[in-house]
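Novice:
Numbering (full-length UniProt numbering), first residue to last: 1 to 412.
1. How would you call residue 414, buried or exposed, if buried means at least 16 neighbouring beta carbons within 10 angstroms?
2. Would you say the region 210-221 touches the region 243-256, given that touching needs at least three Cβ pairs under 8 Å?
3. Figure out for me which residue from 366, 199 and 97 has the closest Cα to the Cα of residue 383.
4. Please say whether residue 182 and residue 163 have beta carbons closer to each other than 9 Å?
5. Relative to the alpha-carbon of residue 95, which residue among 397, 123, 59 and 403 has its alpha-carbon at the smallest distance?
6. List the DSSP bridge partners of residue 263.
7. Identify, in the order they occur along the chain, each residue of the same chain with its Cβ nearer than 6 Å to the Cβ of residue 374, setting aside the five sequence neighbours on each side.
8. Rounded to whole angstroms, what is the Cα-Cα separation between residue 189 and residue 402?
9. Grouping DSSP H, G and I as helix and E and B as strand, with all else coil, what is residue 399?
10. For residue 186, name the three-state secondary structure that DSSP assigns.
11. Is it buried or exposed for residue 124, if we count other Cβ within 10 angstroms and need 16 for buried?
12. Give me the DSSP bridge partner(s) of residue 219.
13. Check whether the region 340-359 touches the region 387-401, counting contact only when three or more Cβ pairs, one atom from each stretch, lie closer than 8 Å.
14. At what residues does the alpha helix (DSSP H) containing residue 226 begin and finish?
15. Work out the CA separation of residue 338 and residue 288 for me, nearest whole Å.
16. Which residue marks the beginning of the alpha helix (DSSP H) containing residue 161, and which one marks its end?
17. Could you tell me which residues DSSP puts in a beta bridge with residue 378?
18. Ends of the beta strand (DSSP E) at residue 192?
19. Residue 135 and residue 146 look like a contact to me (Cβ under 8 Å); what is the Cβ gap, rounded to whole Å?
20. Pick out whichever of 157, 410 and 213 has its Cα sitting closest to the Cα of residue 178.
21. Which residue or residues does DSSP assign as beta-bridge partners of residue 340?
22. Kindly indicate the opening and closing residues of the alpha helix (DSSP H) around residue 113.
23. Residue 119 by DSSP, collapsed to three states: which one?
24. Note down the Cα distance separating residue 400 from residue 192, rounded to an integer number of angstroms.
25. Taking Cβ to Cβ, would you say residue 116 is nearer than 9 Å to residue 166?
26. Assuming residue 170 and residue 140 are in contact, meaning their beta carbons sit under 8 Å apart, how far apart are those beta carbons, in whole angstroms?
27. In terms of DSSP beta bridges, what is residue 180 paired with?
28. How long is the line joining the alpha carbons of residue 376 and residue 411, rounded to whole angstroms?
29. Can the beta-carbon of residue 323 be found less than 9 Å from the beta-carbon of residue 394?
30. Name the two residues that bound the continuous alpha helix (DSSP H) containing residue 325.
31. What distance in whole Å lies between the Cβ atoms of residue 210 and residue 257, which are believed to be in contact at a cut-off of 8 Å?
32. By the three-class DSSP mapping on this structure, what secondary structure does residue 74 have?
33. Within the present structure, is the beta-carbon of residue 264 separated from the nearest heavy atom of the ligand FAD by less than 8 Å?
34. Is the beta carbon of residue 195 less than 9 Å from the beta carbon of residue 110?
35. Identify, in the order they occur along the chain, each residue of the same chain with its Cβ nearer than 7 Å to the Cβ of residue 398, setting aside the five sequence neighbours on each side.
What follows is the structure in structure tokens.
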């Protein structure tokens, strides 16, 4: 496969009697919609007052350059690579990858297969999604033959392929066989780039080493946005508005950076600030002047409203409710909102046994914790689980007084 420049003639071929789909305008994308908005793409407003977060990716220049460099090297030299991008939600992972793909697709003839693993979360579903975008055949393929068909297509397609697995944390597969399959493809196929996007560091720290891949993926971490990055982004978004209170922008950035570093939350808070701002004079036209009033008091209320509304709109499964209830119990017992992770998992096993609940294994429990982290309820590191919300908010989120009462009465 060669990285033909866009515009050259394309040829069709047959692989095991299956026709390879030709790239359309250089890029062929498979978008499997998620029930919630992907990282970095959530609109800051429903009224369009502020632009979409993905329009400007300030603070992610280095990460985007690294992604572009690796993928372009793969395209130019007809080699393969895999990359795992990990970081908390709202750090611009998905938006960065998509912007890089748009840039490269303007230069090269390539196929981009973009799969969101929230909906496509089994091995068969993934194979079907990839097959549908690489093959022009409409006939059904038996599940037992699907993997061979997909791998044949990947080996013989006549232009570079980039497979993006977004929100890969949601994949449900025993012993993570699907991860092994996806990350092994680059060692079997030329001009193939596999990019996995994860909301948790667990994928890179715990799961990938277990796969024992012959060619481990490149790991690219996305850190939460800093206060300075959030200030740059908010000032850029609010630059056309009158009477912007820079002290309020600084406070908003500092609060969000301290909690999650999620740029989407900062944008939502800024949106709630705008009604207050509209009543202020345009300070840009007044030399050495300050806004006549400060929006700082409103910022604190907006922070609470945004983080609570995210939780209230979400209904979590039983396993996450149990884990969150145990975190509350242990945090209260030890008077510390940073709960030891091993202690939490041991308590989880005890609770499930006492309450006769189906218990996930260690890997499943860690995935459940990662999903709580993606909702900005907790923050995970190698040893600790840090509660990010106050107790009343967590209790409302669990919304099960009987479950809370039973766990609170246990000797954990």
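Every residue, glycine too, gets a C-beta built ideally from N, C-alpha and C.
Specialist: Quick look at the numbers:
1. Since the first residue shown for the chain is 1 and the last is 412, residue 414 is missing from the structure and cannot be characterised.
2. Touching, no.
3. Numbered from its first residue, the chain shown carries residue 383 at position 383. Minimum Cα distance to residue 383 is reached at 366.
4. Walking along the chain shown from the start, residue 163 turns up at place 163. Walking along the chain shown from the start, residue 182 turns up at place 182. In this structure, residue 182 lies closer than 9 Å to residue 163 by Cβ.
5. One-based indexing of the chain shown puts residue 95 at position 95. Of the listed residues, the one whose Cα sits closest to residue 95 is 59.
6. For the purposes of this step, residue 263 is taken as residue 263 along the chain shown, with counting starting at 1. Partner(s): none; residue 263 has no beta bridge.
7. Counted from its first residue, the chain shown places residue 374 at position 374. The residues are 89 and 199.
8. Taking the chain shown and counting its residues from 1, one reaches residue 189 at position 189. Taking the chain shown and counting its residues from 1, one reaches residue 402 at position 402. Looking at the two C-alpha atoms, the distance is approximately 53 Å.
9. As a first step, residue 399 must be located in the chain shown, where it is residue number 399. Residue 399 falls in the coil class under three-state DSSP.
10. Along the chain shown, read from residue 1 onward, the residue named residue 186 stands at position 186. Note: residue 186 maps to helix in three-state DSSP.
11. Residue 124 sits at position 124 when you count from the first residue of the chain shown. The residue is exposed, with fewer than 16 neighbouring Cβ atoms inside 10 Å.
12. Counted from its first residue, the chain shown places residue 219 at position 219. 84.
13. no
14. As a working mapping, residue 226 is identified with position 226 in the chain shown. Note, residue 226: premise wrong, no alpha helix (DSSP H); not H, not E.
15. As a working note, residue 288 is residue 288 in the chain shown. As a working note, residue 338 is residue 338 in the chain shown. Residue confidence for residue 288 is low, a pLDDT of 43 falling below 50, so the modelled location carries little weight and cannot support an answer.
16. One-based indexing of the chain shown puts residue 161 at position 161. Looking at the DSSP string, residue 161 is not in any alpha helix (DSSP H); the run it does join, the beta strand (DSSP E), is 161-166.
17. To locate residue 378, count along the chain shown from 1; it is residue 378. Note: residue 378 sits in a beta bridge opposite 387.
18. Here the question's residue 192 lines up with position 192 in the chain shown. Note, residue 192: beta strand (DSSP E), 192-198.
19. On the chain shown, residue 135 is found 135 positions in, with the first residue counted as 1. On the chain shown, residue 146 is found 146 positions in, with the first residue counted as 1. Going by Cβ atoms, the distance from residue 135 to residue 146 rounds to 11 Å, so no, they are not a contact pair.
20. Translated into positions along the chain shown, residue 178 becomes position 178. A check of alpha carbon separations from residue 178 across 157, 410 and 213 identifies 213 as the nearest.
21. Taking the chain shown and counting its residues from 1, one reaches residue 340 at position 340. Paired residue(s): 384.
22. Taking the chain shown and counting its residues from 1, the one referred to as residue 113 is at position 113. No alpha helix (DSSP H) contains residue 113, which is instead part of the beta strand (DSSP E) from 111-116.
23. Along the chain shown, read from residue 1 onward, the residue named residue 119 stands at position 119. If DSSP states are grouped into helix, strand and coil, residue 119 belongs with coil.
24. One-based indexing of the chain shown puts residue 400 at position 400. One-based indexing of the chain shown puts residue 192 at position 192. Distance between the alpha carbons of residue 400 and residue 192 is about 47 Å.
25. As a first step, residue 116 is located in the chain shown; it is residue number 116 there, counting from the start. As a first step, residue 166 is located in the chain shown; it is residue number 166 there, counting from the start. Their beta carbons are under 9 Å apart, which means residue 116 touches residue 166 by this criterion.
26. Within the chain shown, numbered from 1, the residue matching residue 170 stands at position 170. Within the chain shown, numbered from 1, the residue matching residue 140 stands at position 140. With 8 Å as the limit, residue 170 and residue 140 do not qualify as a contact, their Cβ atoms being about 25 Å apart.
27. In the chain shown, the residue the question calls residue 180 occupies position 180. Answer is none; residue 180 lacks a bridge partner.
28. Translated into positions along the chain shown, residue 376 becomes position 376. Translated into positions along the chain shown, residue 411 becomes position 411. In a straight line, the C-alpha of residue 376 is about 28 Å away from that of residue 411.
29. Taking the first residue of the chain shown as 1, we reach residue 323 at position 323. Taking the first residue of the chain shown as 1, we reach residue 394 at position 394. No, the Cβ-Cβ distance between residue 323 and residue 394 is not below 9 Å.
30. The residue labelled residue 325 in the question sits at position 325 within the chain shown. Where residue 325 is concerned, the enclosing alpha helix (DSSP H) starts and stops at 318-334.
31. In the chain shown, the residue the question calls residue 257 occupies position 257. In the chain shown, the residue the question calls residue 210 occupies position 210. The beta-carbon distance between residue 257 and residue 210, rounded to whole angstroms, is 33 Å. This is too long to meet the 8 Å contact definition.
32. What you label residue 74 is simply residue 74 of the chain shown in a count that begins at 1. Looking at residue 74 - three-state DSSP - the assignment turns out to be helix.
33. The ligand FAD is absent from the structure shown, which contains no ligands of any kind.
34. Translated into the one-based positions of the chain shown, residue 195 becomes position 195. Translated into the one-based positions of the chain shown, residue 110 becomes position 110. With respect to residue 110, residue 195 sits apart: the two C-beta atoms are not nearer than 9 Å.
35. Numbered from 1 along the chain shown, position 398 holds the residue referred to as residue 398. Here the set comprises 321, 324, 325 and 404.
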